[in-house]
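Here the structure comes first, spelled out in structure tokens, and everything after it is commentary.
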Amino acid sequence: MPEKGWRELPIGGKILQGGNSVEYETGSWRTYRPVVDKAKCINCMRCWLLCPDSAIYAEGEEMAGYDYMHCKGCGICEEICPVDAIEMVLESEKDKIPADERGVKAIEEAREKAK
Amino acid sequence: MSKVLPLTGNEAGAEAMRQIAPDVVAAYPITPQTELMHRFADYVADGVVPTELILVESEHSAMSACVGASAAGARVMTATSSQGMALMWEILYIAAALRQPIVMPLVNRALSAPINIHCDHSDSMGARDTGWIQLYCENCQEVYDNVVQAVKIAEDKDVLLPVMVCYDGFILSHTVERVEVLEDHEVKEFIGPYVADRPLLDLDHPVTYGPLDLQDYYFEHKRQEAEAMRNCKPVIQRVAGEYELLSGRKYGPFDEYFTQDAEHIMVCLGSAAGTAKAAVDELRDAGEKVGLLKLRVFRPFPAEELIAALSHAKGIAVMDRADGVNSIGGPVFSEIRAAVYGHSSAKISNYIYGLGGRDIDIDMMKSVFQDMKDGKYAEQAYYIGVRE
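Chains as they are written, first to last, in the working numbering: chain A, 871 to 985; chain B, -18 to 369.
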């Protein structure tokens, strides 16, 4: 999101619309990125249930990857996974991670919406 | 049509508050503010004002309730002194930064320790950088006039900052003076109805107050606050002009008393200005070119106007009723010297006086002018009225 100068912003730090926290890219706070190995995943959905940022996608009855725009990398999903299907990988090494097309697309969509 | 009443400073403040009739007042009693709130609470109990009076458990809660009520969309006032404002401290910044136009009479009293209930300016001067506008009063008339004007200044859409109306504890708060009071309807029309800027209780336009504001936006919001403080200079002038039409009494950022041709000028604020004027009168009668500049507006600091008013002087003595305890001098001195730096060749010295309510008399004021006449200036503050 392009950042506005002080003359353009609402005064007093007020946010003048409701329901817009989705536009805030908290994914940039992340140090470690969770990566799921769907070959191991049993779709128990514990990660989906416990994610404090609702950053895990569910499709039907399947765990379907991450919303990396909002995942802060807390690691609860890795901790809770009963089959060790989730690995926390340093963001600086994320190029080594196979691209999660779904997550990348979600970020692009959210950025577009925020403009 | 105005009427003349015998009022203490606190009664003058309460009378102004009755006429303003704020939607919400949240307050906690503290000497010497107590009488003001006592009087206002009577008005509420008697049904004279429709104000919701919130009796809280501390000043921290008082200012917190004021911020909440103001954010909800109410016209809000409170009042305090000394330790009370010290306890409000963190919320003072929040009130200003959330841009809530709260008006607060601050009855100046020394800060502990040692414990003392009498006047000095250490409470309000400590709060000079909280983002509040500060107006200082010389007498009970000014208490009334400044409280009424404060509402209109605070609520101006270019300002939206809280205002502290500072007046000297006991010296003004408990002294009966002749006060001209406007008619109720005149005050009501002067301040007009309050229309809040995006209030929380406007349910059709939901808004978030006080969200987290980190490295990416906090600086911009503080810059806005600084701009609002700059903007309020012309607003204070405009409000004073409108008030003069209504009351016949003239207000500006400061009063000049025989300063135009003065070689030696004293700068002070608060009730001591009355004593200083008496000293100037006596010295003028003796042919001395002396004058007094009485500051009314300390925040925003009227630097440009002060340069124009002071730069011709040979000597300037700045009186501080609060000690900076910084080995240099008091807060008024630091700012005056910074303002005139590069604009004047005047020598400037600082006098700390009246701490904890210590009296200052005409002879002491005259001795300050005598020091300037004798070329006696110092880099560090003089203490006047203290026993060596």
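We treat Cβ as the ideally placed atom computed from N, Cα and C, and that holds for glycine.
For residue i, write down the residues that DSSP places opposite it in a beta bridge.
i                 : result
Val115 (chain B)  : In the sequence as presented, Val is not what sits at residue 115 (chain B); that position holds Gln. Gln115 (chain B) is bridged to B:Met145 and B:Arg280.
Ala298 (chain B)  : B:Met247 and B:Ser330
Leu919 (chain A)  : According to DSSP, Leu919 (chain A) bridges with nothing at all.
Arg1035 (chain A) : Given a span of 871 to 985 for chain A in the structure shown, any question on residue 1035 (chain A) remains unanswerable.
Leu274 (chain B)  : B:Glu237 and B:Val248
Ile926 (chain A)  : A:Tyr936
Leu226 (chain B)  : Paired residues: none, contrary to the question.
Val6 (chain B)    : B:Leu34 and B:Met58
Around the Cβ of residue i, are there at least 16 other Cβ atoms within 10 angstroms (buried) or fewer (exposed)?
i                : result
Glu878 (chain A) : exposed
Tyr199 (chain B) : exposed
Thr901 (chain A) : exposed
Ile912 (chain A) : exposed
His245 (chain B) : buried
Gly930 (chain A) : exposed
Tyr936 (chain A) : buried
Leu226 (chain B) : exposed
Tyr322 (chain B) : exposed
Ala395 (chain B) : Shown here, chain B extends from -18 to 369; a query on residue 395 (chain B) therefore has no answer.
Ala289 (chain B) : exposed
Asn120 (chain B) : buried
Lys133 (chain B) : buried
Ile333 (chain B) : buried
Ser103 (chain B) : buried
Ser924 (chain A) : exposed
Gln887 (chain A) : exposed
Asp352 (chain B) : buried
Lys910 (chain A) : exposed
Put residue i into one of helix, strand or coil per three-state DSSP.
i                  : result
Phe235 (chain B)   : strand
Met69 (chain B)    : helix
Ala362 (chain B)   : coil
Leu195 (chain B)   : coil
Ile11 (chain B)    : coil
Arg80 (chain B)    : coil
Ala303 (chain B)   : coil
Asn89 (chain B)    : strand
Lys258 (chain B)   : helix
Leu36 (chain B)    : strand
Gly338 (chain B)   : helix
Ala53 (chain B)    : helix
Ile885 (chain A)   : strand
Arg159 (chain B)   : strand
Thr59 (chain B)    : coil
Thr189 (chain B)   : strand
Gly897 (chain A)   : helix
Pro(-13) (chain B) : strand
Val29 (chain B)    : coil
Cys911 (chain A)   : coil
Cys947 (chain A)   : helix
Glu369 (chain B)   : coil
Asn127 (chain B)   : helix
His19 (chain B)    : helix
Leu153 (chain B)   : coil
Gly(-6) (chain B)  : helix
Using a cut-off of 9 Å between C-beta atoms, extract the partners of residue i located in chain B.
i                : result
Glu873 (chain A) : Asp197, Tyr198 and Glu201
The ligand GDP and residue i: does the residue's C-beta get closer than 7 Å to at least one heavy atom of that ligand?
i                : result
Asp194 (chain B) : Among the components of this structure there are no ligands whatsoever, and the ligand GDP is therefore not found.
Since residue i meets chain B, which of its residues come closer than 7 Å, beta carbon to beta carbon?
i                : result
Trp876 (chain A) : Glu201, Arg204 and Gln205
Given that residue i touches chain A, what residues does it touch there, using C-beta distances under 7 Å?
i                : result
Pro370 (chain B) : A query on residue 370 (chain B) cannot be resolved here, the shown segment of chain B reaching from -18 to 369 and no further.
Arg339 (chain B) : Result: empty, since nearest Cβ-Cβ is about 41 Å, beyond 7 Å.
Pro192 (chain B) : Gly883 and Ile885
Arg80 (chain B)  : Ile881 and Gly882
Leu184 (chain B) : Going along chain A, no residue has its Cβ under 7 Å from Leu184 (chain B), so there is no contact; the nearest lies around 10 Å.
Leu141 (chain B) : Ile881
For a contact meaning CB atoms closer than 8 Å, what does residue i contact in chain B?
i                : result
Leu960 (chain A) : Here the premise fails: no neighbours, minimum Cβ distance about 23 Å.
So residue i contacts chain A; which residues on that side make the cut at Cβ distance below 8 Å?
i                : result
Arg179 (chain B) : Pro880, Lys884 and Leu886
Got a sec: is the Cβ-Cβ distance from residue i to anything in chain C below 8 Å?
i                : result
Lys884 (chain A) : Annotation note: the requested chain C is absent from the structure, which comprises protein chains A and B.
Open item on the list: Three Cβ pairs or more, each shorter than 8 Å: is that satisfied between the region 108 to 119 of chain B and the region 172 to 187 of chain B?
Closed with: Proximity of the region 108 to 119 of chain B to the region 172 to 187 of chain B falls short of the contact definition, fewer than three beta-carbon pairs being nearer than 8 Å.
TODO: Report yes or no: do three or more beta-carbon pairs, one from the region 323 to 340 of chain B and one from the region 269 to 278 of chain B, lie closer than 8 Å?
DONE: Between the region 323 to 340 of chain B and the region 269 to 278 of chain B, the count of Cβ pairs shorter than 8 Å is below three; the stretches do not touch.
Open item on the list: Closer than 8 Å is the cut-off here; do at least three beta carbon pairs connect the region 157 to 177 of chain B with the region -5 to 14 of chain B?
Closed with: By the Cβ rule, the region 157 to 177 of chain B counts as touching the region -5 to 14 of chain B, because three or more pairs are nearer than 8 Å.
Open item on the list: Does the region 285 to 300 of chain B come into contact with the region 308 to 319 of chain B, if we say contact requires no fewer than three beta-carbon pairs (one atom in each stretch) closer than 8 Å?
Closed with: They touch, by the three-pair rule.
Task: Sufficient close CB pairs (3 or more, under 8 Å) joining the region 71 to 85 of chain B to the region 141 to 157 of chain B - done: Inter-segment contact for the region 71 to 85 of chain B and the region 141 to 157 of chain B is present: three or more beta-carbon pairs are separated by less than 8 Å.
Open item on the list: Taking contact to mean 3 or more Cβ pairs, one atom from each stretch, closer than 8 Å, check whether the region 187 to 198 of chain B and the region 880 to 899 of chain A are in contact.
Closed with: Using a Cβ-Cβ distance cut-off of 8 Å, the region 187 to 198 of chain B and the region 880 to 899 of chain A are in contact, since at least three pairs of beta carbons, one from each stretch, lie closer than that value.
Open item on the list: Under 8 Å: do the region 123 to 130 of chain B and the region 92 to 105 of chain B share three or more Cβ pairs, one atom per stretch?
Closed with: They do not touch, by the three-pair rule.
TODO: Say whether the region 203 to 210 of chain B touches the region 71 to 82 of chain B, bearing in mind that this needs 3 or more beta-carbon pairs closer than 8 Å, one atom from each stretch.
DONE: Touching, yes.
Open item on the list: Tell me whether the region 66 to 76 of chain B and the region 32 to 45 of chain B touch, counting them as touching only if at least three CB pairs, one residue from each stretch, are closer than 8 Å.
Closed with: Taking 8 Å as the limit for Cβ pairs, the verdict is that the region 32 to 45 of chain B does touch the region 66 to 76 of chain B.
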